[in-house]
Structure formats: structure tokens, C-alpha cells
Amino acid sequence: MIVLEPWETRRAWLDWASPLIAIALTLVGGGLMFWVLGQSPLEALRIFFIQPLTSVYGVSELLLKATPLILIGIGLSLGFRAGVWNIGAEGQLVMGGVTAGAVALALYEVESIWVIPAMMLAGIAGGMLWGAIPALLKTRFNTNEILSSLMLTYVAGLFLSLMVHGPLKDPDGYNFPESRLFHDAALMPTLFEQGRAHIGFVMALIIAPVAAFLLSRHVLGFQLRVQGVAPNAARFAGFSSKRLVWLSFLLGGALAGLAGMMEVSGSVGQLVPIISPGYGFTAIIVAFLGRLNPLGVVPAGLLMALSYMGGEAAQIELGLPNAVTGVFQGMLLFFLLSTAVISDYRIRWRARV
Amino acid sequence: MQVTKWMAAGVAALMSVSALAADPLKIGFVYVGPVSDGGWTYEHNVGRLAVEEAYGDKVETTFVESVSEGPDSERVITQLAQSHDMVFTTSFGFMNPTVKVAKRFPNVKFEHATGFKRADNVATYGSRFYEGRAVIGTVAGEMTKTNIIGYIASFPIPEVVRGINAAYLAAKQVNPDVKMKIVWVNTWFDPGKEGDAAKALIDQGADVLMQHTDSGAPMQIAEQQGIYAFGQASDMKTFGPNAQLTGIIDDWAPYYVQQVGKALDGTWSNTDTWGGFNTGMVALAPFGDAVPAELQARALEIRDNIANGNLHPFTGPINKQDGSPWLADGEVADDGTLLGMNFYVEGIDGSLPQ
Numbered sequence: 038m039i040v041l042e043p044w045e046t047r048r049a050w051l052d053w054a055s056p057l058i059a060i061a062l063t064l065v066g067g068g069l070m071f072w073v074l075g076q077s078p079l080e081a082l083r084i085f086f087i088q089p090l091t092s093v094y095g096v097s098e099l100l101l102k103a104t105p106l107i108l109i110g111i112g113l114s115l116g117f118r119a120g121v122w123n124i125g126a127e128g129q130l131v132m133g134g135v136t137a138g139a140v141a142l143a144l145y146e147v148e149s150i151w152v153i154p155a156m157m158l159a160g161i162a163g164g165m166l167w168g169a170i171p172a173l174l175k176t177r178f179n180t181n182e183i184l185s186s187l188m189l190t191y192v193a194g195l196f197l198s199l200m201v202h203g204p205l206k207d208p209d210g211y212n213f214p215e216s217r218l219f220h221d222a223a224l225m226p227t228l229f230e231q232g233r234a235h236i237g238f239v240m241a242l243i244i245a246p247v248a249a250f251l252l253s254r255h256v257l258g259f260q261l262r263v264q265g266v267a268p269n270a271a272r273f274a275g276f277s278s279k280r281l282v283w284l285s286f287l288l289g290g291a292l293a294g295l296a297g298m299m300e301v302s303g304s305v306g307q308l309v310p311i312i313s314p315g316y317g318f319t320a321i322i323v324a325f326l327g328r329l330n331p332l333g334v335v336p337a338g339l340l341m342a343l344s345y346m347g348g349e350a351a352q353i354e355l356g357l358p359n360a361v362t363g364v365f366q367g368m369l370l371f372f373l374l375s376t377a378v379i380s381d382y383r384i385r386w387r388a389r390v
Numbered sequence: 500m501q502v503t504k505w506m507a508a509g510v511a512a513l514m515s516v517s518a519l520a521a522d523p524l525k526i527g528f529v530y531v532g533p534v535s536d537g538g539w540t541y542e543h544n545v546g547r548l549a550v551e552e553a554y555g556d557k558v559e560t561t562f563v564e565s566v567s568e569g570p571d572s573e574r575v576i577t578q579l580a581q582s583h584d585m586v587f588t589t590s591f592g593f594m595n596p597t598v599k600v601a602k603r604f605p606n607v608k609f610e611h612a613t614g615f616k617r618a619d620n621v622a623t624y625g626s627r628f629y630e631g632r633a634v635i636g637t638v639a640g641e642m643t644k645t646n647i648i649g650y651i652a653s654f655p656i657p658e659v660v661r662g663i664n665a666a667y668l669a670a671k672q673v674n675p676d677v678k679m680k681i682v683w684v685n686t687w688f689d690p691g692k693e694g695d696a697a698k699a700l701i702d703q704g705a706d707v708l709m710q711h712t713d714s715g716a717p718m719q720i721a722e723q724q725g726i727y728a729f730g731q732a733s734d735m736k737t738f739g740p741n742a743q744l745t746g747i748i749d750d751w752a753p754y755y756v757q758q759v760g761k762a763l764d765g766t767w768s769n770t771d772t773w774g775g776f777n778t779g780m781v782a783l784a785p786f787g788d789a790v791p792a793e794l795q796a797r798a799l800e801i802r803d804n805i806a807n808g809n810l811h812p813f814t815g816p817i818n819k820q821d822g823s824p825w826l827a828d829g830e831v832a833d834d835g836t837l838l839g840m841n842f843y844v845e846g847i848d849g850s851l852p853q
């Protein structure tokens with residue numbers, strides 16, 4: 038029979054290799070899928086993964102799409118390390134978008150370089166506030182944070198809907214559920230002439246090593262890691278698990294809220310009923326693809342963003358259905374989880390006893 | 500020197516020849532749902548196929564489906580604009596992205612469905628679905644036994660509010676006791692939510708369902724529960740062979756064929772089209788067996804009267820929900836008020852989400 042045994046000593050290289058193996062297996066599986074769909078596998082993979090990168094516009098859009106995934110992924114990986122399952126980053130993103138958007142509209146036509154920082158602070162505050170609710174429920178009433186954070190996502194979506202149908206609705210918009218278009222000072226400064234990539238990506242590149250440092254070198258990071266691996270040891274060492282729950286949710290909420298601010302200010306330029314195509318959920322895959330390491334989350338976010346854009350390219354160039362994007366992401370997650378097993382355990386044959 | 504000149508001339512000649520050999524007009528379509536939704540997007544795709552049918556190899560079409568109305572739409576529209584001559588964006592939420600992208604691609608023609616913002620290269624189009632609502636409202640008012648019509652609504656935008664009012668007024672005319680119960684699902688396409696809304700309405704006593712969402716789920720629930728419903732955007736008989744009384748069909752084919760024709764012969768301009776029964780853009784699905792022949796005849800008569808202009812679904816006297824007068828006796832609503840409609844008419848319960 039097949040037996041899974043934990044490695045006596047962890048193989049560090051497997052930590053890095055397993056996501057790469059998963060990506061390779063996904064490429065093989067994806068190639069097979071294209072072949073079954075009657076496409077040339079290599080050509081299809083080229084269109085899916087390379088074509089979006091062949092223009093400045095494509096690269097710019099890739100960075101735009103990766104930015105929220107990376108920011109949220111960093112926040113989630115900190116919490117997941119501590120075994121705090123914040124599944125509601127999507128809601129925290131939406132709340133951050135609403136609060137940042139409200140600030141932009143309140144400062145309508147105010148031309149100042151401080152509009153963007155004010156929006157960022159508002160977005161962070163909105164995300165933190167929304168993250169604080171499951172944290173409070175968890176620490177006060179021991180409520181399961183997976184359920185409470187997930188369900189609050191839908192509340193946030195409805196709140197956004199309420200706002201764009203009500204107080205934040207464009208007064209000249211024929212009652213359509215949208216805010217005014219933000220004025221220029223409330224739009225994120227862009228990086229290139231073409232496309233919408235903005236300074237948020239640079240901020241994500243700065244935040245990632247800071248978070249990695251926090252996790253690997255700072256005492257708080259140490260506490261987070263111990264809490265995740267050995268909660269009893271953490272308690273014995275006198276670490277406050279409540280404090281770590283709060284820390285995880287507030288950090289996760291802050292980064293998701295910041296991502297929400299960047300979406301409304303950088304990608305959309307107004308508040309609309311839907312400001313995220315599910316970044317908060319996709320970022321969960323990104324966090325695991327990056328092996329819950331803030332530095333690993335950066336390439337993971339870029340890859341996941343690429344898979345979305347590849348799906349669009351595959352539709353335009355090859356006439357394939359949109360479902361291929363979902364199939365790709367599903368395969369990636371599947372192979373990722375299975376290779377994670379291999380990196381944590383060794384597989385042996387043993388005769389039945 | 501001479502040689503490079505010749506070469507340059509040759510290349511230019513080759514290029515102009517290939518242009519003359521008529522590169523097909525490349526047309527892109529952006530869909531908000533999957534082409535298999537059996538409703539809104541399905542019908543837009545039927546329109547796309549009609550364009551291919553009509554113009555053969557003079558056109559080449561592409562579509563991108565399930566494009567979220569959020570930030571992704573701008574990129575999809577841009578990508579299509581880079582390689583296409585004409586782009587149809589087929590949901591209200593694509594309005595601002597369409598206008599933004601159109602500014603950057605002045606040589607590409609854009610057509611946006613159901614919006615109100617135009618530009619030199621952006622035309623808009625929509626259908627007077629409320630005309631169809633007036634017909635199905637009549638049928639619903641006659642068919643209901645519990646006197647409760649359930650209405651699954653998407654977003655409280657004028658187009659949807661207009662449909663609710665038109666259906667209610669028509670139902671009320673043939674059945675003064677009729678009540679309308681409305682559930683807002685805040686989505687265009689979500690079979691799960693739409694199905695739940697249908698169940699909730701049936702629990703509240705509704706025995707006829709109408710929907711302003713795109714999936715066949717409510718029709719399936721109606722079929723299971725043995726009640727009636729109306730197809731939305733497309734003939735949904737396959738979802739409810741016994742349940743479907745009739746349906747409002749959005750037929751985009753005539754419009755798409757006409758606009759692409761204009762683009763081909765160079766007469767395209769940034770028009771605003773709002774067509775109804777008279778243009779063929781709104782049509783009725785075949786009646787179900789449950790609808791008595793006499794009622795079928797009456798429904799068709801209403802349709803014909805609307806088509807030839809003898810009847811307007813919004814003809815006074817009509818009061819607003821709060822009792823204040825809107826239209827005096829015999830007065831007909833103007834298009835401006837209809838396009839911005841943000842109030843219920845008198846007799847509808849509940850408040851409009853604001």
C-alpha cells in the first residue's frame with residue numbers, strides 16, 4: 038500500500054520546486070486540453086501565455102491585473118501562516134473601494150496631490166474595518182472566521198450596490214447605478230503611456246519584501262508562524278492567539294482595502310456595482326501558489342493575472358470559450374495542492390502488515 | 500537608391516492590392532454572459548451569426564463572452580479595438596469603458612447596447628422591451644388565479660423599472676385585483692439567485708412569473724412547480740415546455756445586419772436607435788398551449804396596435820406610486836421620461852431601491 042510519511046528533515050528545495058512542477062504539469066494538462074479542442078497545443082499555449090506579453094499595452098494591463106492579486110495575496114499569506122482563514126478578502130476589497138470612492142467623490146474637483154493618499158488611507162481603513170468584524174466575532178465568541186468572513190463578502194457587495202444606487206449615484210446619470218467619473222486628481226498615476234498600470238504595482242513590490250521581513254525576521258512573524266504550526270506551543274510560550282487573529286485580519290483587511298482603492302481609482306475610475314471580478318478569492322490561490330511566502334506571491338500574482346489575460350486572448354484569437362480560463366486555474370490549483378503533498382510528505386510503498 | 504524606391508513602391512502596391520481584395524470587415528462582440536445563457540447573450544450571438552450569414556466572407560466576427568462589467572471590460576474592448584474595425588458592446592455596464600476606448604481608437608466604430616452616451620464613433624441602440632411587457636402583462640393578468648404576479652428584477656435602472664410598470668399597467672387593465680411582487684437580485688445572470696427568487700415568489704403565492712434576468716432558471720422552477728412564466732430575451736420553451744406562456748424575444752439580427760451593412764458601404768454614423776415591435780427588434784415567442792385562443796388573439800391585437808402606433812403602453816390617466824399625477828387622460832409618455840424612469844406607477848407595492 039502507499040504510505041505518506043512526513044520527511045524527517047524538510048527538503049528546502051522541494052518548497053521551491055513544487056509550485057514549478059505544478060506549473061509544468063498545468064502546461065502539459067493545458068496543452069492536452071487544447072489538443073482535444075482541436076487546436077495546436079504549442080500555438081495555443083503561445084497565445085495563452087506569451088502573446089499578452091508582446092506589447093507594452095499587454096504588459097501594462099498584466100501589471101494592472103496582478104497588483105490587487107499580489108497585495109491581497111501578501112495579506113492572506115500572513116494570516117494563513119497563522120492558521121487564520123480569512124476567506125473574505127473580496128468583501129474587504131469592496132469596502133476599501135467604497136470608502137476610497139466616497140472620499141474621491143467628497144473631494145470632487147479638488148486638485149491636490151493629497152487626494153490619492155487620502156483615498157488610500159480611506160481604502161485601508163475600510164478594509165480593516167470589514168476585517169475587524171470576523172476578528173471580533175472570532176475572539177469574542179469563537180465564531181468560525183471562514184464562514185463569517187465569507188458571508189460578509191456578500192454584505193459588502195450589497196453595501197456597494199446600496200451606495201451606487203443611493204448616496205453616491207451620479208446626479209446626472211439617469212438613475213443608472215454608477216457614481217460620477219472621478220476627476221483626474223483622484224486617478225492613480227500611471228506607469229506607461231499605454232495601458233492602465235499604475236504606481237500601485239510599485240507599492241506592491243515594496244510591500245512584499247517588508248512583509249517577508251516581518252514574517253521571517255520579526256517577532257510578530259515568528260509568533261504567526263508558531264501559532265500556525267503548533268498552536269499549543271504558541272499558547273505555552275505566552276503568545277496571545279487573540280492578538281494574532283486581530284493582526285491577521287487587520288493586515289489582510291488593510292491590504293485588501295488598499296487593493297480596492299486601487300481598483301476604483303486605477304482600473305475603473307468611478308464606483309460601479311461590480312468593482313472586482315473576484316480578486317479576493319483568486320488571491321487565495323495566489324497565496325498558496327506563492328507557498329504563503331510574500332516574496333513568492335509576486336510571481337504567483339503575475340502568473341495568475343496572465344492566465345486571465347490568456348483566457349481573453351484565447352477567446353479572441355482561437356474562438357475558445359471563456360471556460361478555458363477557469364479550467365486552467367482549476368488545474369493549477371489541483372496540481373499545486375497535489376505537489377504540496379509531495380513536498381511535505383514522502384511517498385513509500387509498504388507491504389501490508 | 501533606385502532599387503529601394505522600387506521596392507518601396509512594390510510593397511505599397513502590394514499592400515493596396517491586398518486592401519482592395521477587401522480585407523473583411525472585422526467585427527468584435529463583447530458579451531456580459533456566456534453565449535449559452537439561453538437569454539440575453541444568446542440572442543446577441545444569434546445576431547452576430549446573422550451578420551456572418553448575411554455578408555459571408557466580407558466580414559469576420561469574434562466574440563468574448565462572460566466579460567465582467569467591472570475593470571476587465573475596458574481591456575477586452577481595447578484588445579478588440581486594436582484588431583477590429585467595429586465593436587459591439589452588449590451590456591449597459593460597458594458604457595463608460597466603451598466611450599473611453601472609443602476616444603483612443605477614432606477609426607473603429609463602436610456600438611453600445613442600452614446606454615445613453617454617444618461619441619463621433621459610438622452609436623447606441625436598444626429595444627422598446629416595455630412594448631413586449633405590455634403584452635405579457637395582459638396575458639399574466641388573465642392567467643393568474645391567485646392574482647399575484649411574481650417579478651424577478653435585476654437592477655433598478657430605468658429600463659427595468661419601465662418593464663415593471665408596463666407589465667403592471669397592462670395586467671391591471673384586465674384584472675383590477677392583480678398584485679405584483681418584485682424581488683431584486685442585483686445581477687443579470689446568476690441561475691442560483693434567480694432560481695431562489697422564483698421559489699420565494701411562489702412561496703408568496705405567485706402563480707405567474709416574469710423576469711428581467713437572463714437565465715432559464717426561473718422558467719425551470721415554474722415548470723417544476725406547475726405554474727406559468729414568460730421567456731425573457733429568448734424563446735425559453737426548452738426550460739419550461741408547459742410553463743412558458745409566451746416570451747419577449749430580443750431580435751438583434753435586423754439591427755446588426757443593417758449597421759454592419761452601413762459600415763460596409765460607408766454610410767455608418769453615430770445613431771441612437773430605440774426600436775420596438777415595429778422594427779422587428781422586439782418579438783413574441785409562440786404561445787404555450789395553456790393560453791386560450793381568444794387570449795392569444797387579443798395579445799396579438801395589442802402587439803399589432805403597438806406596432807402601428809395606435810396604442811402606447813403608457814397612456815394616461817396614470818398616477819405615480821405616491822398618488823401624484825403623471826399622465827393626464829389620453830396623454831402619452833414622452834421618450835425622455837421613459838428613458839429616465841425612476842418611479843413606480845400607482846398600485847405597485849414596495850419601494851423602488853434608491
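Heads up: the protein sequence lines correspond to chains Y and S, in order.
In the working numbering, each residue carries its 1-based index in the first sequence increased by 37.
In the working numbering, each residue carries its 1-based index in the second sequence increased by 499.
Virtual Cβ for every residue (Gly too), placed ideally from N, Cα, C.
Excluding residues up to 5 positions away in sequence, G527 lie with their Cβ nearer than 6 Å to the Cβ of T561(S) in the same chain. In the structure shown, Y650(S) falls within a strand segment according to DSSP collapsed to helix, strand and coil. Excluding the 5 residues flanking it on each side, V558(S) has same chain C-beta neighbours closer than 8 Å at P523, L524, K525, I526, V550, E551, V759 and L763, in chain order. Nearest CB-CB separation between I805(S) and chain Y: not below the 8 Å threshold. Y345(Y) and L373(Y) have their alpha carbons spaced roughly 18 Å apart.
When the Cα atoms are used, T180(Y) and P105(Y) turn out to be separated by approximately 28 Å. Looking from the CA of T772(S), the closest CA among D788(S), I651(S), Y554(S) and L838(S) belongs to L838(S). Any Cβ of chain S closer than 8 Å to the Cβ of P43(Y) would place that residue at the interface, and such an atom is absent. Taking 8 Å as the upper bound on Cβ-Cβ separation, chain S lies near residues Y345, M346, E349, A350, Q352 and I353 of the segment 329-353 of chain Y. Residues of the segment 816-845 of chain S with a Cβ closer than 7 Å to any Cβ of chain Y, in chain order: L838, G839 and N841. Any Cβ of chain S closer than 8 Å to the Cβ of P214(Y) would place that residue at the interface, and such an atom is present.
By the CB criterion at 8 Å, F286(Y) and V131(Y) fall outside the cutoff. Residue environment analysis places F229(Y) among the exposed positions, since fewer than 16 neighbouring C-beta atoms fall within 10 angstroms of its C-beta. Beta-carbon to beta-carbon, A612(S) and T589(S) are separated by about 5 Å, close enough to satisfy the 8 Å threshold.
When C-beta atoms of the segment 80-92 of chain Y are compared with those of the segment 217-229 of chain Y, fewer than three pairs fall below 8 Å, so the two segments do not count as touching. Cα atoms of Q581(S) and R603(S): separation of roughly 10 Å, rounded to the nearest angstrom. Straight across, the Cα-Cα distance linking A553(S) with E542(S) is about 16 Å. For K680(S), there is no enclosing alpha helix (DSSP H); the enclosing beta strand (DSSP E) covers residues K678 to W683.
Within the segment 309-320 of chain Y, those residues whose Cβ lies closer than 8 Å to any Cβ of chain S are, in chain order, V309, P310, I311, I312, S313 and P314. Around I647(S), no beta-carbon contact reaches into chain Y at under 7 Å, the shortest distance being about 26 Å. Contact check for F238(Y) and L100(Y): beta-carbon distance about 5 Å, within the 8 Å limit, so the pair qualifies.
Looking from the CA of S572(S), the closest CA among W386(Y), G356(Y), I312(Y) and L343(Y) belongs to I312(Y). For I124(Y), no beta strand (DSSP E) encloses it, and the DSSP letter there is neither H nor E. Secondary-structure assignment with DSSP links V558(S) through a beta bridge to L524(S). With contacts defined as CB atoms closer than 8 Å, A324(Y) and F117(Y) qualify as a contacting pair. Residues of the segment 192-206 of chain Y that bring their beta carbon within less than 9 Å of a beta carbon in chain S comprise G194, L195, S198, L199, H202, G203 and K206, in sequence order. Taken residue by residue, none of the segment 167-184 of chain Y has a beta-carbon sitting less than 7 Å from a beta-carbon on chain S.
Between the segment 671-689 of chain S and the segment 641-651 of chain S there are three or more inter-stretch CB-CB distances shorter than 8 Å, so the stretches are counted as touching.
Restricting attention to P310(Y), L370(Y) and L343(Y), the CA atom closest to the CA of P570(S) is found in P310(Y).
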